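First residue of the sequence shown? That's 19 in my numbering, and the numbers climb one at a time after it. Even glycine gets a Cβ: it sits at the ideal position worked out from N, Cα and C. Being a predicted model, the structure only gives us computed values, none of them experimental. Heads up: the structure comes next, in structure tokens.
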Amino acid sequence: MMDYGKDIYLDDDMDVVFTADGDVLLQEGAALVAQDVREELSIAFSSVEWDRKAGSHLIECLNSISADEEIVSELERVALRDPRVDASTVDATKMTDGRFSLDFSVVGTLDKVHLLFDLKEIMGGYDESSE
Numbered sequence: 019m020m021d022y023g024k025d026i027y028l029d030d031d032m033d034v035v036f037t038a039d040g041d042v043l044l045q046e047g048a049a050l051v052a053q054d055v056r057e058e059l060s061i062a063f064s065s066v067e068w069d070r071k072a073g074s075h076l077i078e079c080l081n082s083i084s085a086d087e088e089i090v091s092e093l094e095r096v097a098l099r100d101p102r103v104d105a106s107t108v109d110a111t112k113m114t115d116g117r118f119s120l121d122f123s124v125v126g127t128l129d130k131v132h133l134l135f136d137l138k139e140i141m142g143g144y145d146e147s148s149e
């Protein structure tokens, strides 16, 4: 089995999660791959000083005339950049509720990953009261 590494577990708000006794919770396996792809998508491209290739162009896609297609393409591009992602399984789509989904499998496993992205919430300006 492939070693996918271990890292600190981050919740949906990208905050560190601790165990009941105060230790840092760790993430591994397919869940770690999903977390890493989700984290990469939440970072603006070239904003990390020590890794100028890190991040995504999602924020740049928002004001485009063809935003939906560009967002789908960017979700897939970032997932495909991770060598632990099975390239033949990557599929991003815009859902009918306006959110985007990203699906892929992890290399060497039967584990399927399904990530949902609400760009209004991720990029700010999301107002639940307006629904």
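Cα-Cα separation between residue i and residue j, rounded to whole angstroms
i, j, result
"Lys112", "Ser119", "6 Å"
"Trp68", "Glu57", "16 Å"
"Ser15", "Ala62", "The structure shown does not extend to residue 15, since the chain spans only 19 to 149, so no value can be given for it."
"Thr37", "Tyr27", "10 Å"
"Arg102", "Glu46", "12 Å"
"Met32", "Asp104", "24 Å"
"Ala48", "Asp129", "6 Å"
"Cys79", "Leu59", "12 Å"
"Ile77", "Asp29", "21 Å"
"Ser64", "Arg95", "15 Å"
"Asn81", "Asp39", "45 Å"
For residue i, three-class secondary structure by DSSP
i, result
"Ile26", "strand"
"Met67", "This sequence places Glu at residue 67; Met is not what is there. Correct three-state label for Glu67: coil."
"Leu93", "helix"
"Gly143", "Bear in mind that the predicted position of Gly143 carries a pLDDT of just 41, short of 50, making it too unreliable to give a figure here."
"Asp109", "strand"
"Ser148", "Unreliable positioning characterises Ser148 in this predicted model, as indicated by a pLDDT of 38, which lies under 50. The coordinate reading is nonetheless provided below. The answer is helix: DSSP assigns Ser148 an H, G or I state."
"Ser74", "strand"
"Val51", "helix"
Opposing strand residues paired with residue i [DSSP bridges]
i, result
"Gln45", "Asp25"
"Ser123", "Lys130"
Proximity test, Cβ basis, 8 Å: residue i and chain D
i, result
"Ser106", "Of the chains in the structure shown, none is chain D; there is only one protein chain."
Cβ separation of residue i and residue j, assumed to be a contact under 8 Å, to the nearest whole Å
i, j, result
"Val90", "Ala97", "Incorrect: roughly 11 Å between the Cβ atoms, too far for contact."
"Leu134", "Ala110", "Contact flag wrong, Cβ pair sits at about 11 Å."
Exposed unless 16 or more other CB atoms sit within 10 angstroms - verdict on residue i
i, result
"Leu50", "buried"
"Leu44", "exposed"
"Asp54", "buried"
"Glu149", "Annotation note: pLDDT 42 at Glu149 (below 50); position unreliable, no value reported."
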